[in-house]
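Peer 1: Every position in the sequence shown, counted from 1, becomes a number in our numbering once 3 is added. Below is a structure I'd like to ask you about.
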Amino acid sequence: MIDRYQLVKRNSPVLEKIDLSSPFTVGNGDFAFTADITGLQTFYQEYSDGIPLNTMAQWGWHSFAG
């Protein structure tokens, strides 16, 4: 049987300090979300001089009009 607690715990990162050169990014190949230490994009101005906080999605790109 799958130990769900251990599975989630293994994939549960913890940020302990702000690192402007290394924001936290999660995604699945079609969607990506970059977060600061709050888990959101609260300190976007602080990160703008380094690696900016972004939200990106593949579905928003089109190679043709219409």
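All residues carry an ideal CB built from backbone N, CA and C; glycine is no exception.
Take the Cβ of P55 as the centre, count every other Cβ of all protein chains shown within 10 Å, and call the residue buried at 16 or more, exposed below.
Peer 2: It counts as exposed.
Peer 1: Let me know the secondary structure DSSP gives G30 once reduced to three states.
Peer 2: Here G30 sits in strand by DSSP.
Peer 1: If you draw a straight line from the alpha carbon of N14 to that of L43, how long is it in whole angstroms?
Peer 2: One C-alpha to the other measures close to 18 Å.
Peer 1: Could you please give me the residues that DSSP links to F36 through a beta bridge?
Peer 2: According to DSSP, which records beta bridges pairwise, F36 is partnered with V29, T58.
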